[in-house]
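Right, one structure below, let's go through it.
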Amino acid sequence: MSRRVFLKDGGLALVSLGFAPQFLARAVAESAPRRKVLVTIFQRGAVDGLNMIVPFGERDYYASRPSIAIARPGTSPDAALDLDGFFGMHPRLAPLKPLYDARQLAIVHACGSPDGTRSHFDAQDYMETATPGVKSTPDGWLNRYLHAREHEKATPFRAVALAPQLPRALQGLAPALAIGQIGQFGIRAGQATDMVQASFEAEYAAAAGSVLNRTGREAFDAVRMLKEADPTRYAPENGAQYPRTPYGEALKQIAQLIKADVGLEVAFAETGNWDHHAQEGAAVGQLANRLADFAGGIAALVRDLGNRMSDVMILTMSEFGRTVAENGNRGTDHGHGNAMMVVGGGVRGGKVYGRWPGLAREQRYEGRDLAVTTDFRTVFAEVAGGHLGLTNTKHVFPGFDGPMSVGTLG
Amino acid sequence: MRALKRHAQVAAVAALAMISAGVAGQAGLRSPVPTKPDDRTIVHVLNRLGFGAAPGDLERVRAIGLAAYIDQQIHPERLADSGMAVRLASFQTLTKSTQEMARQYYLPAQMARRELQRQQGSQDPAASDPAMAQQNAAARREMMTPEQAEAVRMERQALGELMQAKVLRAAYSDRQLEEVMVDFWFNHFNVFSGKGQVRVYLNEYERDAIRPRVLGKFRELLQATAESPAMLFYLDNWQSSAPEGARTAAPRAEAGRGNPRNPNRMPDRAGVGRPGELNRPRTLADLPPGVQNRRAGLNENYARELMELHTLGVEGGYTQKDVQEVARAFTGWTIANPRQGGGFRFEPRMHDDGEKIVLGHKIRSGGGKKDGDQVLDLLANHPSTAQFIATKLARRFVADHPPRALVDRAARTFRDTGGNIREVVRTIVTSPEFFAPEAHRAKVKSPFEFVVSAVRATGTNMTDAQPLVMAVRNLGMPLYGCQPPTGYADKAEAWVNTGALLNRMNFAVSLTASRQQRGAGVRPLQGRGGAGPSITSDALVASALAGELSETTAATVRKATTPSQALALVLGSPEFQRR
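Those sequence lines, one after another, are chains B and V.
Residues in the first sequence are numbered from 38 upward in steps of one, following my numbering.
Residues in the second sequence are numbered from 2 upward in steps of one, following my numbering.
This is the structure we're talking about:
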C-alpha cells in the first residue's frame with residue numbers, strides 16, 4: 038500500500054499539481070538525504086572477459102590465444118593498459134583507465150555463476166533473477182530489492198529500464214518502468230494531446246476500483262514530472278560525449294533522469310553483440326569496437342554526472358565468460374567465469390578483486406574455461422548492501438549463503 | 002456423556018450434509034444461468050468466454066439464449082467458423098510440418114547468419130567508430146546477398162504469421178472459448194520462442210499438441226506437451242540422460258554416432274555447422290574436448306516444472322527426492338534431430354532403467370519409455386492437480402481470488418470426470434459464483450485481452466494484424482515471448498503499472514484514428530487498405546459495456562471534438578480496462 042503513496046509531502050506535492058517551480062522541487066530534494074542510485078549495465082551475449090580485463094601475466098593466456106591475445110603492456114602501441122602488473126585493460130577501454138587510476142573503478146575477475154549452463158538464455162535468466170539453477174523464480178533481483186525497500190516517497194521513476202521492454206531483473210511486484218525514449222513518455226494524440234490527456238486524467242481520477250484509480254493518478258503525475266524536467270532540451274555537462282548508439286542514448290537518458298530529481302533509484306541499460314564465435318579480433322576488430330562503445334558510454338556518464346557520482350554506482354555484468362582458448366574461427370565459444378566492474382559511489386577502486394584461479398588446463402573449469410571464484414551474487418549483495426543500504430538480503434538473494442562482500446566497498 | 006456429545010456432532014454433520022445436498026439438488030433443477038439475461042449479464046459472458054463483445058453479439062446471444070450460447074462455445078467443433086479459414090488463407094506457414102518449416106524457413110537463415118558472421122569478422126578492419134559496431138545488425142543486413150536477406154525475411158515471416166494468426170483468431174473467430182482455452186493452456190504449458198530451437202516447433206506445439214485438446218482430457222493434454230519437442234527443448238529434457246553409473250535401457254556407447262550419452266547433442270555454438278554437414282549427425286571427433294560429456298547426466302528442469310507448474314502446484318506435496326526420481330523417469334525422452342525439426346524419440350541409451358519411487362509409488366525397473374507415462378498417470382490423477390487446475394481456471398473465468406467453494410466444486414468435477422476439461426469449465430461458467438454481481442468486471446484485462454477486445458468492440462476489420470502484434474508487445478506481453486515457464490500472470494497487479502496504462506490509452510488513440518488524422522499528428526494503426534472503426538461511441542458503449550460508464554467518463558466522451566476521439570476516450574477508459 039505504502040508504495041503507492043506518491044509525493045504526498047512538501048514541494049513535490051505541488052509538482053504533482055502542476056505548478057511547482059523546479060527550484061522548489063530541487064530544494065526539497067536537497068534538504069533530504071540524497072538518495073543513492075544504482076545504474077546496472079548488462080552486456081548481453083557474453084563478453085570475452087579475458088580480452089576485456091587481460092591477465093597478461095599468464096603464460097597460458099598467450100599460449101591459448103595465438104591470434105586474438107592482447108599484447109603485454111609496453112610491447113606495442115596497442116598493448117593492454119597495465120592495471121597492477123598482472124592484469125591490464127583492453128586498449129579500447131582507455132576511457133575507463135583514468136577512473137581506475139583515480140580509484141573510482143573496481144574490477145571483480147573470475148566472477149560468475151555457480152551454475153554451469155552455457156546457454157545465453159538460461160544464464161541471463163539466472164543472473165537477472167539471481168537464482169542460478171532455478172528457472173521458475175517469478176521476479177528479478179532488482180525488483181525484489183525495490184519490493185523489500187518500498188517507501189513513501191517512491192515515484193513512478195524509482196526503477197527505470199531504458200529499454201523497449203522491462204528486463205527480467207526488474208520484473209516483479211514493485212512498480213518499474215520500461216521507457217524507450219523519455220521524450221515520448223505520455224499521451225500521444227498529435228494536436229489534441231492536451232485535451233485527450235486531460236480527459237483520460239479525469240476518467241481515471243473518477244475510476245472505481247483502487248488499482249486503476251491509483252495507477253492512473255501516478256501515471257499522469259509522472260508525465261507532468263517528466264515534462265517539467267524537459268528532456269528534449271538536455272545538454273550533457275562537463276563536455277561529456279555519449280556514443281551515438283542506442284546504448285549511449287540510454288545512458289544519456291539515465292543521466293537526465295538522475296539530474297531531473299524525479300526519484301530514480303535503480304536504472305537498467307543493456308548493450309548487445311558480444312557473442313564473438315568468429316573473427317573476434319584483438320586490439321582491433323569486433324570486440325574492440327564493442328568495448329570502445331561500452332567504455333565510452335560509462336566514461337561519458339561519469340563525466341556528465343560530475344560530483345553526483347558520489348551517490349551513483351554503476352555495475353556491469355554479462356551472463357558468462359568465454360573459452361580460454363580461441364577456436365578454429367579466431368573467435369571464442371561459451372565459457373564460464375567473467376569480469377564485472379563497479380564504478381563510482383563509495384567504491385574502493387583501483388584494484389582487481391577476487392581470487393585468480395589461473396589458466397593452466399587443470400585450473401580451468403571443465404578443462405576449458407576460466408573458473409568462477411566469486412559468485413556474482415556476492416557482488417550484487419555487496420552493492421545492494423553497501424551502496425543502496427539494504428540490510429536484510431535474505432529475500433533479495435533467496436537460498437544464497439555465500440559471502441556478501443568481496444571488499445569493493447570496504 | 003462423551004459418547005453422547007460425539008453422537009450429537011455426527012448428527013449435526015449429517016444434517017449439514019443433507020442441507021448442502023439439498024442446495025446442490027436445487028441448483029441442478031434450477032440452473033444459475035439466467036433465462037432472461039440483461040445486457041450486463043450477456044456482456045459478462047462474452048467477456049469471460051471470449052474476448053469481449055463485437056457489434057451485434059448482444060443481440061445474437063439474446064436470440065439463441067444464454068444457456069445455448071454457453072453450450073455452443075463449450076463445443077467449438079459444432080461451430081463452422083468458416084470466416085476464419087478465409088482470413089488465414091494467405092498465411093503460408095500455419096499448415097506446414099515442422100520439418101518443412103526447418104528446411105524452408107529456419108535453416109537457411111541460420112546458415113546465412115553464420116556465413117555473414119564469418120565474412121564480417123574478416124572484413125572488419127578496425128572500424129573503430131563504435132557507432133559502426135553497434136549498428137552491427139543493420140550493417141549485417143546491408144552486407145547480405147539477396148538470397149541471404151530472403152532467408153532472414155522468411156524466418157521472421159514464420160514467427161510473424163503465428164503471432165498474427167493468434168491475434169486474428171482471438172479477434173474474429175466464432176469459437177471464442179476455444180481461443181481463450183488455447184491461450185490459457187499455452188500459457189499454462191508455456192514455452193518461450195526466444196530459446197534456441199523452440200521457435201521452430203512453436204506452430205506444431207500449439208496446432209497439434211494443444212489446440213485439439215483444450216477442452217479434452219487433461220491427461221491427454223499433459224502427454225502431448227510432455228512429448229512435444231517444444232517442451233522437451235524448452236525445459237532441457239531432451240538432453241537429460243542417465244547419471245554416471247546408472248543402468249541404461251540400451252548400451253550407452255556406439256562408435257561414430259555422436260555423444261554416446263546424448264546422440265542428439267548439438268554443440269553449443271551459435272548458429273549451425275558448415276553447409277552440407279547438416280544432414281549427418283556430428284561425431285565425437287567434431288566436438289571440442291570437454292563438450293562431449295559436459296551436459297551428460299540428469300537434468301531436473303522438466304521434472305520440477307512438471308510438478309510445480311503443470312500439475313501439482315508448488316504446495317502440491319512433492320519433495321526434492323521426487324523431482325530427482327521423476328527426472329530419472331523421463332531420461333531418454335528426447336528429440337530425433339532438433340535442428341531439422343525432428344519429432345519425439347525415446348532413446349534407450351540415455352534412459353535410466355532402474356527402479357524409481359515417485360510420490361510413494363514404485364515404478365519398476367525395465368519400464369523404458371513407460372516410466373514417464375506412469376509418472377504422468379500419477380500426476381494427472383493426484384488430488385493436488387485437480388485443485389491446482391481448478392484454481393487456475395476459476396481465476397481465468399471468475400476472479401483473481403476465486404471463491405473457495407467454486408474451486409472445490411470444479412476440482413470435484415475434475416476428479417469425478419477423470420480430468421475432463423470441458424466439464425470443469427462447464428461447472429465454472431454455469432455456477433452461481435460466475436453470475437454473482439461480485440464477478441462482474443472483477444478482472445483487469447491482460448494486454449492481449451485489451452487489444453483484442455478493443456478491435457472486437459469497435460468492429461475494426463484489420464487486414465494486417467502486425468500492428469496489433471506490436472501493440473501487445475509494447476504493452477509488455479510479447480506473444481510467445483514469456484521467458485519463464487510460469488507463463489504470464491493472470492492477476493491485475495501484473496498488468497497495471499504507470500507506463501503500461503499510458504500505453505493502453507495511446508493504443509486506444511491510434512486504433513481509432515482515421516488515416517485523415519495523420520495531418521493532426523496522430524499515427525493511425527491501420528495501414529493502407531484498412532478502414533478505421535465506423536461505430537459511434539454511443540453504440541460502442543451500449544454493445545461492449547452494456548451502457549455502463551461512469552458519469553465522468555460519459556462527460557469526457559461527450560466533450561470529444563471528433564468521433565474517433567470519442568471512441569478513444571471509451572477504449573482507454575478505466576471501464577474498458579476491465580472485463
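By construction, the Cβ of each residue, glycine as well, lies at the ideal position given by its N, Cα and C atoms.
query: Can you name, in chain order, every residue of its own chain whose Cβ lies under 8 Å from the Cβ of B:Val-453, other than the five neighbours on each side?; result: This structure does not reach residue 453 of chain B, given that chain B is present from 38 up to 447, and the question cannot be answered.
query: Cβ atoms of V:Thr-487 and B:Ser-173: under 8 Å apart, would you say?; result: yes
query: Is V:Gln-467 closer than 8 Å to V:Gln-165 when the C-beta atoms are compared?; result: yes
query: Mind checking V:Ile-364: buried by the 16 CB within 10 Å criterion, or exposed?; result: buried
query: So V:Pro-403 contacts chain B; which residues on that side make the cut at Cβ distance below 7 Å?; result: In chain order: nothing, as chain B lies at least about 18 Å away.
query: Using beta carbons (cut-off 8 Å, strictly below), is B:His-314 in contact with chain V?; result: yes
query: At a CB-CB cut-off below 9 Å, which residues of chain V make contact with B:Pro-175?; result: Pro-485, Thr-487, Ala-490
query: Kindly list, in the order they appear in chain B, the residues whose Cβ is closer than 8 Å to that of V:Ala-493.; result: Val-248
query: Can you look up B:Tyr-390 in the DSSP assignment and give me helix, strand or coil?; result: strand
query: Would a check of beta-carbon distances place B:Ala-226 closer than 8 Å to chain V?; result: yes
query: In the DSSP assignment, find the beta strand (DSSP E) that holds B:Ile-144 and state where it starts and stops.; result: 142-149
query: By the DSSP assignment, the alpha helix (DSSP H) with B:His-157 in it spans what residues?; result: 157-166
query: Give a yes or no on whether the minimum CB-CB distance between B:Pro-114 and chain V is below 8 Å.; result: no
query: Unbroken alpha helix (DSSP H) runs of length 4 or more, entirely within the region 461-508 of chain V: which are they?; result: 467-475, 493-496
query: In this structure, does DSSP put V:Trp-334 in helix, strand or coil?; result: strand
query: When you check each C-beta in the region 140-156 of chain V against every C-beta of chain B, which residues fall closer than 7 Å?; result: none
query: Report all residues from its chain with a CB closer than 6 Å to the CB of B:Ala-211; omit the five preceding and five following residues, and keep chain order.; result: Asn-180, Leu-183, His-184
query: Taking only runs of the alpha helix (DSSP H) that begin and end inside the region 352-393 of chain V, which ones reach a length of at least 4 residues, in chain order?; result: 371-381
query: Do we get a CB-CB distance below 8 Å when we pair B:Pro-132 with the residues of chain V?; result: no
query: So if DSSP puts B:His-371 in a beta bridge, which residue, or which two residues, is it bridged to?; result: B:Arg-359
query: Within 10 angstroms of its Cβ, does V:Arg-329 collect 16 or more other Cβ (buried), or is it exposed?; result: buried
query: Find the residues of chain B that neighbour V:Gln-467, judging by a C-beta separation of less than 7 Å, and give them in chain order.; result: Per Cβ cutoff of 7 Å: no residues; V:Gln-467 is ~16 Å from chain B at best.
query: Need the endpoints of the alpha helix (DSSP H) that V:Ala-556 sits in, please.; result: 552-559
query: Mark V:Asp-597 as exposed unless 16 or more other C-beta atoms lie within 10 angstroms of its C-beta, in which case mark it buried.; result: Outside the shown range of chain V, which is 2 to 580, sits residue 597 of chain V, and nothing can be said about it.
query: Whether or not the region 418-435 of chain V and the region 396-408 of chain V are in contact is what I'm after, with contact meaning three or more pairs of Cβ atoms, one per stretch, closer than 8 Å; do they touch?; result: yes
query: So B:Val-76 is in the beta strand (DSSP E); what residue range does that whole segment cover?; result: 74-80
query: Considering only C-alpha positions, which residue in the set B:Gln-202, B:Leu-396, B:Gly-381 is nearest to B:Gly-374?; result: B:Leu-396
query: Grouping DSSP H, G and I as helix and E and B as strand, with all else coil, what is V:Asn-421?; result: strand
query: Does any CB atom of chain B fall closer than 8 Å to the CB of V:Ala-569?; result: yes
query: Out of curiosity, what's the CA-to-CA distance linking V:Asp-378 and V:Gly-420?; result: 11 Å
query: Only counting runs of 4 or more residues, tell me where the alpha helix (DSSP H) segments fall wholly within the region 69-134 of chain B, in order along the chain.; result: 86-89, 96-101
query: Which residues bound the beta strand (DSSP E) around B:Val-303?; result: 303-308
query: Does the region 222-230 of chain B come into contact with the region 322-336 of chain B, if we say contact requires no fewer than three beta-carbon pairs (one atom in each stretch) closer than 8 Å?; result: no
query: Taking a Cβ distance cut-off of 7 Å, strictly less, list which residues of the region 298-321 of chain V are near chain B, in chain order.; result: Asn-302, Glu-306, Glu-309, Leu-310
query: Quick check on B:Leu-448: does DSSP put it in helix, strand or coil?; result: Because chain B spans 38 through 447 in this model, residue 448 of chain B falls outside it and cannot be assessed.
query: I think B:Pro-169 touches V:Pro-485, with their Cβ atoms under 8 Å apart; what is that distance to the nearest whole Å?; result: Wrong, their Cβ atoms sit about 14 Å apart, outside the cutoff.
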